[in-house]
Amino acid sequence: MKKISGDGLTEATLARYDRVCHLRFFVIVFEQQIPLPAENPGVSAHTQPDEKRTHSNFMPDTTNAHHEDYIKALMNISQAISSDLFLEDLLKLIVMVVAKVTEVNICSLWLVDEEVRPPQIRLKATQAIEPAYVIDRSLGLGEGVVGYVVTHQQPLMIPDVLQCEIFKEKKMAQTLGLVSMAGVPLQVKKDKTIGALNCFTTTPHTFSETDIHLLTTVANQAALAILNTELIVKTKVIQEELKSRKTIERAKEIIMERNHLSGDEAYRWIQKRSMDMRKTMMEVSEAILLSRELF
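Under the working numbering, residues 1017 to 1311 are what the sequence shown spells out, in order.
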């Protein structure tokens, strides 16, 4: 499929987003009207906003009569994203949907990379188009606000990022005009955090418990979707590897019989043909199997 340069999304996926702009878990959140807890001790704020500034509206008005209308509006958008999305497309859709529905200016999603030592937290998706924010970035565990959210496994509110000591990217915030921020962990269970979801506004805002609860619910559902997608990908990779090994083994047996070679010699024969022809061993093996069927 044709790619749109730079963001890894296919035109078909973006077209689907124009119709959908909403993930299945977001519909569930609003349909069920999940009750809010009386307290949220996990939420913290590092600075106080300037009282002279005007606060922004973070969430659309979904209370009372507006609530039902908002749910209907969401339900009119397609119910699901197809299950064959690549992980990068899924992550991109998550941040686009969160940014659109919450009306924040920038939404970013970070995932913990445990394949490196020490583990790093990498920026994986953002709907922002500003080059200053889109650049590839990674942080150590415990570094910056992202590291704080991941290691403490709790939401973090920052009324003014320029006044927050642990916010490390103040120059970028000044360039983009970022003011308030809410960060929530991506959790699949209490002791398992796989990343963080950050939302920024360009006007001062005091995030309410409703805001944080909604973002937390979305983040946790997103974490499950991410793990499910990764599991599907890993399963497909394993299946392809098993299929490849089986095909190569069958081709090896044919070469052993035709050329009177040992198992190791037949394997090296296929390997050499693969290098000479610039084809994978799987492709060479499939050709050998096909030749036996034809002749």
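Cβ coordinates follow ideal geometry from the N, Cα and C atoms, glycine included.
Asked                                                                                                    : Found
Sequence ranges, beta strand (DSSP E) only - wholly within the segment 1111 to 1150, length at least 3   : 1122 to 1129 and 1136 to 1142
Check whether I1264 and M1291 have beta carbons under 9 Å apart                                          : no
Beta-ladder partner(s) of L1231, from DSSP                                                               : Partner(s): none; L1231 has no beta bridge.
Residues near V1204 by beta carbon distance below 8 Å, same chain, minus five either side                : I1210, N1236, A1239, L1240 and L1243
Alpha-carbon to alpha-carbon, L1103 and V1111                                                            : 13 Å
C1215 - partner residues in DSSP beta bridges                                                            : C1123 and A1198
Endpoints, alpha helix (DSSP H) assigned at S1307                                                        : M1297 to L1310
Sub-9 Å separation of D1227 and A1198 beta-carbons                                                       : yes
Under 9 Å between C-beta atoms of L1106 and T1245                                                        : yes
Any non-hydrogen atom of the ligand ATP within 8 Å of Q1255 CB                                           : This structure does not include the ligand ATP; it has no bound ligands of any sort.
Collapsed DSSP secondary structure at S1290 in the structure displayed                                   : helix
Local Cβ density within 10 Å of M1293, reported as buried at 16 or more and exposed below that           : exposed
Distance CB(V1120)-CB(V1166) smaller than 9 Å                                                            : no
Pair within 9 Å by beta-carbon distance, K1116 and W1126                                                 : no
Three-state class that DSSP yields for L1243 in the structure shown                                      : helix
T1222 and S1260 closer than 9 Å at C-beta                                                                : no
Cutoff 8 Å; reference I1137; Cβ partners in own chain excluding five residues on either side             : W1126, L1127, V1128, D1129, S1154, L1155, G1156, L1157, E1159, V1162, G1163, V1166, G1211 and A1212
Coarse secondary structure for L1103, derived from DSSP in three states                                  : helix
Cα-Cα separation between Q1255 and K1288, rounded to whole angstroms                                     : 25 Å
N- and C-terminal bounds of the alpha helix (DSSP H) containing G1163                                    : G1160 to H1168
Coil, strand or helix - L1157 by DSSP                                                                    : coil
Length of the line joining the Cα atoms of Q1169 and T1232                                               : 11 Å
Classification of H1229 by the beta-carbon crowding that lies within 10 angstroms, buried from 16 upward : buried
Best match in A1189, K1206 and E1299 for proximity to A1144 [C-alpha to C-alpha]                         : A1189
Sub-9 Å separation of V1200 and P1175 beta-carbons                                                       : no
Cβ neighbour criterion (16 or more within 10 Å) applied to V1177                                         : buried
Cβ-Cβ distance between V1253 and V1114 below 9 Å                                                         : no
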